[in-house]
Amino acid sequence: MNAAATGYNFAFLDEGTKKMIRRALLKAVAIPGYQVPFAAREMPFAFGWGTGGVQVTASVIGAGDVLKVIDQGADDTTNAVNIRRFFARMTGVRTTERTRQASIVQTRHRIPETPLAEGQILVYQVPMPEPLFRLEPRRQQTIALHALADYGLMNVRLYEDIAQLGAIARTYDYPVRVNGRYLMSPSPIPKFDNPKMDMNPALQLFGAGREKRLYAVPPYTRVESLDFEDHPFQVQRWSQACAWCGARDSFLDELIVDDAGGRLFVCSDSEYCGERRAAGRRGPAPTAARHDPLASVKGPP
Amino acid sequence: MYVAAKGGEAAIEQSWRLLAAERRGDPALAELSVAQIRSQLRLAVDRVMSEGALYDPELAALAVKQASGDLVEAIFLLRAYRTTLPRFGNSLPLDSAGMRLARRISATFKDVPGGQVLGPTPDYTQRLLDFALLADGAPPPPQASEPLPAPVPRIETLLAQEGLIEPPPAGDLEPADLTREPLLFPACRPARLQALARGDEGWLLALGYSTQRGYGNAHPFVGEIRRGWVAVQFIADELGLAIELGEIEIVECSLVSQFAGNDRTPPQFTTGYGLAFGGAERKSIAMALVDRALRAAELGEPVSAPAQDEEFVLAHADSLDASGFVQHLKLPHYVDFQSELELLRRLRAAQAAGAGAARADGQEAA
Numbered sequence: 000m001n002a003a004a005t006g007y008n009f010a011f012l013d014e015g016t017k018k019m020i021r022r023a024l025l026k027a028v029a030i031p032g033y034q035v036p037f038a039a040r041e042m043p044f045a046f047g048w049g050t051g052g053v054q055v056t057a058s059v060i061g062a063g064d065v066l067k068v069i070d071q072g073a074d075d076t077t078n079a080v081n082i083r084r085f086f087a088r089m090t091g092v093r094t095t096e097r098t099r100q101a102s103i104v105q106t107r108h109r110i111p112e113t114p115l116a117e118g119q120i121l122v123y124q125v126p127m128p129e130p131l132f133r134l135e136p137r138r139q140q141t142i143a144l145h146a147l148a149d150y151g152l153m154n155v156r157l158y159e160d161i162a163q164l165g166a167i168a169r170t171y172d173y174p175v176r177v178n179g180r181y182l183m184s185p186s187p188i189p190k191f192d193n194p195k196m197d198m199n200p201a202l203q204l205f206g207a208g209r210e211k212r213l214y215a216v217p218p219y220t221r222v223e224s225l226d227f228e229d230h231p232f233q234v235q236r237w238s239q240a241c242a243w244c245g246a247r248d249s250f251l252d253e254l255i256v257d258d259a260g261g262r263l264f265v266c267s268d269s270e271y272c273g274e275r276r277a278a279g280r281r282g283p284a285p286t287a288a289r290h291d292p293l294a295s296v297k298g299p300p
Numbered sequence: 000m001y002v003a004a005k006g007g008e009a010a011i012e013q014s015w016r017l018l019a020a021e022r023r024g025d026p027a028l029a030e031l032s033v034a035q036i037r038s039q040l041r042l043a044v045d046r047v048m049s050e051g052a053l054y055d056p057e058l059a060a061l062a063v064k065q066a067s068g069d070l071v072e073a074i075f076l077l078r079a080y081r082t083t084l085p086r087f088g089n090s091l092p093l094d095s096a097g098m099r100l101a102r103r104i105s106a107t108f109k110d111v112p113g114g115q116v117l118g119p120t121p122d123y124t125q126r127l128l129d130f131a132l133l134a135d136g137a138p139p140p141p142q143a144s145e146p147l148p149a150p151v152p153r154i155e156t157l158l159a160q161e162g163l164i165e166p167p168p169a170g171d172l173e174p175a176d177l178t179r180e181p182l183l184f185p186a187c188r189p190a191r192l193q194a195l196a197r198g199d200e201g202w203l204l205a206l207g208y209s210t211q212r213g214y215g216n217a218h219p220f221v222g223e224i225r226r227g228w229v230a231v232q233f234i235a236d237e238l239g240l241a242i243e244l245g246e247i248e249i250v251e252c253s254l255v256s257q258f259a260g261n262d263r264t265p266p267q268f269t270t271g272y273g274l275a276f277g278g279a280e281r282k283s284i285a286m287a288l289v290d291r292a293l294r295a296a297e298l299g300e301p302v303s304a305p306a307q308d309e310e311f312v313l314a315h316a317d318s319l320d321a322s323g324f325v326q327h328l329k330l331p332h333y334v335d336f337q338s339e340l341e342l343l344r345r346l347r348a349a350q351a352a353g354a355g356a357a358r359a360d361g362q363e364a365a
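Protein chains in written order, with numbering that gives the first Met the number 0: chain L, 0 to 300; chain E, 0 to 365.
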């Protein structure tokens, strides 16, 4: 990778701002799940496009880090490409698509299928950090509810789903309780990924730039998805396997493959799918080779 | 035929080139220069400087050019640059009474010390399309006018002599700075005013308008609008005295509205305040309306209308926040949508099974 672009500080933000953000992150780590306000800066990305995650990554990244960026689980979605390029330009650090090689993984809407290890940092881009915002839009109110650990609103909401639909109708951004205390938004990851947050050996940092909040889940912290004794939390399951790699344990995206509405189910995690195929695994789709989701970023061999 | 909806670096780079070509337009026409924009699209530049929170006409004009005239995008560009600049400290409060005036009107008094000065305004142009501008005709120059007197006292000061208007807030408050501290609620008035000054003109215009139509109890008068040049002064620690950094052009609006009074305060006029760079006069009036509406709680008035709701008004005022989050809907949401699809199919299957079972039960009974 080329050296960092000149004319800007390492990782774009000035050192004073990074220090301010790292202080807020320390507080967030000390109080798992608690939302710490911070003065988010305008970034050269639009608010709502990952500015919180970008500011967190910019504040913790060093010259020796190796960065992976994913959006919807994939390394090659345009927004992930854009953010990865930004850090490559602004820091000169090595980037990777391999979860195991990365020291920092910035993500939007997924947790990698490959398990994280101690020493790794997972940075989430968060649109709405307040888990109660659909129930109580006023910050002044929700701050009090968190202080009192008064989460009745959310429990009633989930109960009403069961009463009306027979099941909890939250499929992503499914609320969790961290370390037995704070109700927290896991960001809009599918609830499929929620169990990966629990007792994860990696440090999980959450940045909401537009809403100007940071929060964190330290390594090996309890993260429970809300549920009821008679309606235990369950994750999505597919009747299909990945059409390309045959995985039955990963989150599958649905592709509409022809004008007649034909469907194909494939791994949303492009690295996981690619690794399995590299190891010779194949799914039921005969055309799998022509649809390599990593082809566009791999470039010529 | 399936087309991969995933794009890589090549697609992004091509989108940059297409955007640049679209911005340039017809290459047979002369390219618009930043100097032309700065000089001839002044009100666009002024709005971008105001909401971009950076007084730099050249960079604002560059942003307007780069954004192909999309002012909200230009404001974003300027803010993203501004955020990289060091912050030296607070300037001294501007002395707008000492303004070198270009325009000054009051709607509350027919004549005022210093006089009414219309200045450059589109208010009385009759809004007829001027087809002469289609050709390249130079307009007739304005008549030479006498230089305006300075300093001209502010109307508020005159009202205050009779005790009819609330006293100005204590001047020693440390100014808030939302670029260094997040906006928390309830906010102090300096933070509120800063958020309004950076706020989107359209949002403030609509909210201000709503207070005039009964959503909030506003009976305001324009005490004064003044536009002109004021000196910015800064105390440099090394020198220990105030030095003048230069002049900026501002427009200031002071609205006067009634206040019924309470046990502690006799009935008096209260003010709403608006300030913007250059000639962004509409913005300054809208800001003053909203500032006054947001003082409802402080003045013991009922808080019932959207424009009086501090968190609602300020949390949605910033065009960078709003534009970014609204447009983030363009980003892929495959994973969340997939989760919803799966749920919807499961719920429909469960309902169909339930309905089928219910029908079967009914048939058995019959």
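Glycine included, C-beta positions come from ideal geometry on N, C-alpha and C.
V216 of chain L: first and last residue of the uninterrupted beta strand (DSSP E) it sits in: Locating residue 216 of chain L in the first sequence gives position 217, where the first residue counts as 1. Unbroken beta strand (DSSP E) run through V216 of chain L: R212 to V216.
Short CB-CB distance (under 8 Å) between L183 of chain E and chain L: Within the second sequence, numbered from 1, the residue matching residue 183 of chain E stands at position 184. Yes, its Cβ sits closer than 8 Å to a Cβ of chain L.
Within 8 Å, strictly: CB atoms of A59 of chain E and R78 of chain E: Stepping through the second sequence from its first residue, residue 59 of chain E is reached at position 60. Stepping through the second sequence from its first residue, residue 78 of chain E is reached at position 79. Contact flag unset, no.
Neighbour flag for M42 of chain L against chain E, beta carbons, 8 Å: Here residue 42 of chain L refers to the residue found at position 43 when the first sequence is read from its first residue. Taking Cβ atoms only, chain E reaches closer than 8 Å to M42 of chain L, which makes this a yes.
Where L164 of chain L meets chain E, residues with beta-carbon distance less than 8 Å: As a first step, residue 164 of chain L is located in the first sequence; it is residue number 165 there, counting from the start. Within 8 Å Cβ-Cβ: L346.
Contacts around T16 of chain L, its chain only, beta-carbon distance under 7 Å, and the 5 residues preceding and following it disregarded: Translated into positions along the first sequence, residue 16 of chain L becomes position 17. Cβ within range, chain order: R40.
Where W243 of chain L sits in the DSSP three-state scheme: The residue labelled residue 243 of chain L in the question sits at position 244 within the first sequence. DSSP places W243 of chain L in coil when its eight states are reduced to three.
Stretch-stretch touch, CB-based, cutoff 8 Å, three pairs: the stretch 219–239 of chain L with the stretch 174–181 of chain L: yes
Any non-hydrogen atom of the ligand ZN closer than 7 Å to L204 of chain E Cβ: With respect to small molecules bound, the structure shown includes none, and the ligand ZN cannot be examined in it.
Interface flag, D226 of chain L vs chain E, CB-CB below 8 Å: As a working note, residue 226 of chain L is residue 227 in the first sequence. No, D226 of chain L lies away from the interface with chain E (no Cβ there is under 8 Å from its Cβ).
Chain E within 8 Å of A45 of chain L, Cβ atoms only: Locating residue 45 of chain L in the first sequence gives position 46, counting from the first residue. So, interface residue.
Residues that S338 of chain E contacts on chain L, provided the C-beta gap is smaller than 8 Å: By one-based count along the second sequence, residue 338 of chain E stands at place 339. Result: T170, Y171, P189, K190, F191 and Q235.
Interface partners of I11 of chain E on chain L, CB under 7 Å: Against the second sequence, residue 11 of chain E aligns to sequence position 12. T77, V80 and N81, listed in chain order.
Residues that R262 of chain L bridges to, as DSSP identifies them: The residue given as residue 262 of chain L occupies position 263 in the first sequence. DSSP, once it has assigned bridges, lists L:I255 as partnering R262 of chain L.
Residue-level contact to chain L via CB, E8 of chain E, 8 Å cutoff: Along the second sequence, read from residue 1 onward, the residue named residue 8 of chain E stands at position 9. So yes, E8 of chain E belongs to the interface.
Beta-carbon separation (whole angstroms), T98 of chain L vs P111 of chain L, contact threshold 8 Å: Here residue 98 of chain L corresponds to residue number 99 of the first sequence, with the count starting at 1. Here residue 111 of chain L corresponds to residue number 112 of the first sequence, with the count starting at 1. About 5 Å separates the two Cβ atoms, so the contact holds.
Minimum Cβ-Cβ distance from D69 of chain E to chain L less than 8 Å: Residue 69 of chain E sits at position 70 when you count from the first residue of the second sequence. Chain L contact via Cβ: absent.
DSSP state of D45 of chain E mapped onto helix, strand, coil: By one-based count along the second sequence, residue 45 of chain E stands at place 46. Helix, per DSSP.
Chain L within 8 Å of A349 of chain E, Cβ atoms only: Along the second sequence, read from residue 1 onward, the residue named residue 349 of chain E stands at position 350. It does; some Cβ of chain L falls within 8 Å.
Simplified DSSP state of E246 of chain E, which is helix, strand or coil: If you number the second sequence from 1, residue 246 of chain E lands on position 247. Reduced to three states, the DSSP call for E246 of chain E is strand.
D70 of chain L - DSSP class collapsed to helix/strand/coil: Locating residue 70 of chain L in the first sequence gives position 71, where the first residue counts as 1. The answer is strand: DSSP assigns D70 of chain L an E or B state.
Residue-chain proximity (D160 of chain L, chain E), Cβ-Cβ < 8 Å: Against the first sequence, residue 160 of chain L aligns to sequence position 161. No - not a single Cβ of chain E is within 8 Å of the one on D160 of chain L.
Run of the alpha helix (DSSP H) containing M286 of chain E, from where it starts to where it stops: Here residue 286 of chain E refers to the residue found at position 287 of the second sequence. That run of the alpha helix (DSSP H) goes E280 to L293.
Run of the alpha helix (DSSP H) containing L31 of chain E, from where it starts to where it stops: Working through the second sequence from its first residue, we reach residue 31 of chain E at position 32. Per DSSP, L31 of chain E belongs to no alpha helix (DSSP H) and is neither H nor E.
Straight-line Cα distance separating I249 of chain E from D25 of chain E: Indexing the second sequence from 1 puts residue 25 of chain E at position 26. Indexing the second sequence from 1 puts residue 249 of chain E at position 250. Cα to Cα, the separation comes out at about 36 Å.
Alpha-carbon to alpha-carbon, R247 of chain L and R276 of chain L: Numbered from 1 along the first sequence, position 277 holds the residue referred to as residue 276 of chain L. Numbered from 1 along the first sequence, position 248 holds the residue referred to as residue 247 of chain L. Going from the Cα of R276 of chain L to the Cα of R247 of chain L covers about 14 Å.
DSSP bridge partner residues for M183 of chain L (one or two, in chain order): Here residue 183 of chain L refers to the residue found at position 184 of the first sequence. Answer is L:V175, bridged to M183 of chain L.
E14 of chain L to V92 of chain L span [Cα, whole Å]: Here residue 14 of chain L is taken as the residue at index 15 of the first sequence, counted from 1. Here residue 92 of chain L is taken as the residue at index 93 of the first sequence, counted from 1. If I take the Cα positions, the gap works out to 17 Å.
Cβ-based burial, Q350 of chain E [other Cβ within 10 Å; buried from 16]: Here the question's residue 350 of chain E lines up with position 351 in the second sequence. Looking at its Cβ environment, which holds fewer than 16 other Cβ atoms inside 10 Å, Q350 of chain E is exposed.
Distance between P167 of chain E and G206 of chain L (C-alpha atoms, nearest Å): Residue mapping note: residue 206 of chain L aligns to position 207 of the first sequence, counting from 1. Residue mapping note: residue 167 of chain E aligns to position 168 of the second sequence, counting from 1. Whole-angstrom Cα-Cα distance: 40 Å.
Residue burial classification, F264 of chain L (beta-carbon count within 10 angstroms, cutoff 16): Along the first sequence, read from residue 1 onward, the residue named residue 264 of chain L stands at position 265. Buried.
Under 7 Å from the C-beta of F132 of chain L: neighbouring residues of chain E: As a first step, residue 132 of chain L must be located in the first sequence, where it is residue number 133. None at all; the shortest Cβ gap to chain E is about 11 Å.
Per DSSP, the bridge partner or partners of I164 of chain E: On the second sequence, position 165 is the one that residue 164 of chain E refers to. The partner list for I164 of chain E (beta bridge, DSSP) reads E:F268.
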